[in-house]
DNA sequence: ATGACAATCAGAGATTGA
C-alpha cells in the first residue's frame, strides 16, 4: 500500500499527483438568516464539500438553488424551527442516509451522511450534537445518550476501513485550552467531565481531531457568543470538530478555521472549520 | 447571581441556543 501526502519526493516513482479536496463544517444558525453570508463565504473559500448545521428549515423550504447554481449537489435533513443538517458537494453524493442510528424514537434532525465519489471515495458524516444544557437534567441525559450512539456509529465506520470523517458542531469543548475562559464553562454541558469523557472515548477508538493534529497552541476558537462583545474580546470556544478515521487522517495536508468571517455582516455565532485531504 | 444577543414562529413573547 502506497500513498502520497503533500508534495512529491523527487525521484520517487511511487508518488502520484494528489487531488486536493477541501471539506468544511459550518454551523450557520439558520439558513434564512445566512442567505447572504453563506454564499459569500462559499465563493471565497471554495470548499468542495460542506456539512451545515442548524439550517432551521424544513427540506422543502431550503433554498437549494443558491447552491446548485454554484455547482453543488444538495442533500438536506431538516425540521421546522430547530436543528437541521445538510451536505453540499461539488462531487457526486451516493448512499445518503439521514438520522443517527440507535434510537428510532429520536426525531431531531441532527445527522446526515453520504459517500463523496471522487478519485477515492470518502464517507462524510455531518452532525449537530445536542447542547445538553442545563446539566444535569433530561437534556444532558439526551446529549450523553446521543454520544453513546455516536460512539457506536464511529466503531462501525472504522470497521468499514474506508476513509471517513464525522464533522460538525460537537457542542463539546475538548480541553481547557479550547476556551478563552475555561472556568466560565466548568458547570456547562459543553465542558462537563462526562461530555469530555464521551468525546475522548470516541477519539480513543482511533479518530484524529484534524485541527489539533496540525495546531497544538491554545487560543483557536470556532464559536463566539453574540452577547457581551465576545468576538471583540476573542472570548471564544472550540466546539466544531472534524474527526477522521486513520484512512482519512493519513491524507490531511492542511486544516484551518475561517475565524475572520465572524466579524463580517450578519454572521453566524460559529465559523467554518475546514480540512484539505490528498484524495 | 443575572443578563446581555440572535433566530424562529408568529404576529407578543416564549423557546432555544452555548
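Numbering (the working numbering), first residue to last: 4 to 282. Glycine is no exception: its CB is placed at the ideal position from the N, C-alpha and C atoms. Keep in mind it's a predicted model, so treat the numbers as computed, not measured.
Rounded to whole angstroms, what is the Cα-Cα separation between residue i and residue j?
{"i": "residue 132", "j": "residue 122", "result": "30 Å"}
{"i": "residue 7", "j": "residue 231", "result": "Any reading at residue 7 must be qualified, since the residue scores a pLDDT of 44, below 50, and its modelled position is unreliable; the value itself is stated next. Each residue's alpha carbon lies about 47 Å from the other."}
{"i": "residue 149", "j": "residue 200", "result": "14 Å"}
{"i": "residue 269", "j": "residue 113", "result": "24 Å"}
{"i": "residue 186", "j": "residue 174", "result": "17 Å"}
{"i": "residue 214", "j": "residue 244", "result": "8 Å"}
{"i": "residue 209", "j": "residue 92", "result": "26 Å"}
{"i": "residue 212", "j": "residue 225", "result": "14 Å"}
{"i": "residue 237", "j": "residue 44", "result": "21 Å"}
{"i": "residue 10", "j": "residue 260", "result": "Interpretation of residue 10 is limited by its pLDDT of 44, a score under 50 that renders its predicted location unreliable; no figure is taken from the coordinates."}
{"i": "residue 223", "j": "residue 216", "result": "13 Å"}
{"i": "residue 142", "j": "residue 190", "result": "14 Å"}
{"i": "residue 46", "j": "residue 70", "result": "10 Å"}
{"i": "residue 85", "j": "residue 163", "result": "32 Å"}
{"i": "residue 262", "j": "residue 48", "result": "12 Å"}
{"i": "residue 276", "j": "residue 140", "result": "30 Å"}
{"i": "residue 4", "j": "residue 241", "result": "With a pLDDT of 36 at residue 4, under the threshold of 50, the predicted position of this residue should be treated as unreliable, though the coordinate-derived value follows. If I take the Cα positions, the gap works out to 35 Å."}
{"i": "residue 97", "j": "residue 65", "result": "20 Å"}
{"i": "residue 155", "j": "residue 107", "result": "15 Å"}
{"i": "residue 202", "j": "residue 63", "result": "33 Å"}
{"i": "residue 42", "j": "residue 179", "result": "33 Å"}
{"i": "residue 2", "j": "residue 72", "result": "One cannot answer for residue 2 here, as it falls past the ends of the chain, which runs 4 to 282."}
{"i": "residue 188", "j": "residue 36", "result": "28 Å"}
{"i": "residue 227", "j": "residue 94", "result": "32 Å"}
Take the Cβ of residue i as the centre, count every other Cβ of all protein chains shown within 10 Å, and call the residue buried at 16 or more, exposed below.
{"i": "residue 151", "result": "exposed"}
{"i": "residue 74", "result": "exposed"}
{"i": "residue 160", "result": "buried"}
{"i": "residue 267", "result": "exposed"}
{"i": "residue 144", "result": "exposed"}
{"i": "residue 218", "result": "exposed"}
{"i": "residue 220", "result": "exposed"}
{"i": "residue 38", "result": "exposed"}
{"i": "residue 184", "result": "exposed"}
{"i": "residue 50", "result": "buried"}
{"i": "residue 13", "result": "Residue placement at residue 13 is flagged as unreliable, the pLDDT there being 48, under the threshold of 50; a coordinate-derived value is accordingly withheld."}
Given a cut-off of 8 Å, decide if residue j and residue i are closer than it, judged by their beta-carbon atoms.
{"i": "residue 119", "j": "residue 77", "result": "no"}
{"i": "residue 168", "j": "residue 251", "result": "yes"}
{"i": "residue 3", "j": "residue 278", "result": "Only positions 4 to 282 of the chain appear in the structure, and residue 3 is not among them; the question remains open."}
{"i": "residue 166", "j": "residue 125", "result": "yes"}
{"i": "residue 60", "j": "residue 34", "result": "yes"}
{"i": "residue 192", "j": "residue 135", "result": "yes"}
{"i": "residue 176", "j": "residue 157", "result": "no"}
{"i": "residue 54", "j": "residue 31", "result": "no"}
{"i": "residue 67", "j": "residue 80", "result": "no"}
{"i": "residue 234", "j": "residue 265", "result": "yes"}
{"i": "residue 138", "j": "residue 127", "result": "no"}
{"i": "residue 256", "j": "residue 23", "result": "yes"}
{"i": "residue 254", "j": "residue 281", "result": "yes"}
{"i": "residue 181", "j": "residue 229", "result": "no"}
Hey, could you find the ends of the beta strand (DSSP E) residue i is sitting in?
{"i": "residue 146", "result": "Not the beta strand (DSSP E): residue 146 falls in the alpha helix (DSSP H), residues 141–163."}
{"i": "residue 56", "result": "52–56"}
{"i": "residue 210", "result": "Taken as a continuous stretch (DSSP letters only), residue 210 belongs to no beta strand (DSSP E), as it is neither H nor E."}
{"i": "residue 311", "result": "Absent from the structure is residue 311, since the part of the chain shown begins at 4 and ends at 282."}
{"i": "residue 24", "result": "23–30"}
{"i": "residue 167", "result": "167–172"}
{"i": "residue 280", "result": "276–281"}
{"i": "residue 99", "result": "96–101"}
Write down the C-beta distance between residue i and residue j rounded to the nearest angstrom, noting that I regard them as a contact closer than 8 Å.
{"i": "residue 147", "j": "residue 110", "result": "Incorrect: roughly 18 Å between the Cβ atoms, too far for contact."}
{"i": "residue 82", "j": "residue 171", "result": "That pair is no contact at about 16 Å."}
{"i": "residue 129", "j": "residue 248", "result": "Between residue 248 and residue 129 the Cβ distance is about 15 Å, and since that is not below 8 Å, they are no contact."}
{"i": "residue 105", "j": "residue 58", "result": "That belief does not hold up - the Cβ atoms of residue 105 and residue 58 are roughly 23 Å apart, past 8 Å."}
{"i": "residue 153", "j": "residue 206", "result": "Contact flag wrong, Cβ pair sits at about 12 Å."}
Between which two residues does the alpha helix (DSSP H) holding residue i run?
{"i": "residue 126", "result": "Looking at the DSSP string, residue 126 is not in any alpha helix (DSSP H); the run it does join, the beta strand (DSSP E), is 125–131."}
{"i": "residue 70", "result": "67–71"}
{"i": "residue 46", "result": "40–48"}
{"i": "residue 252", "result": "249–252"}
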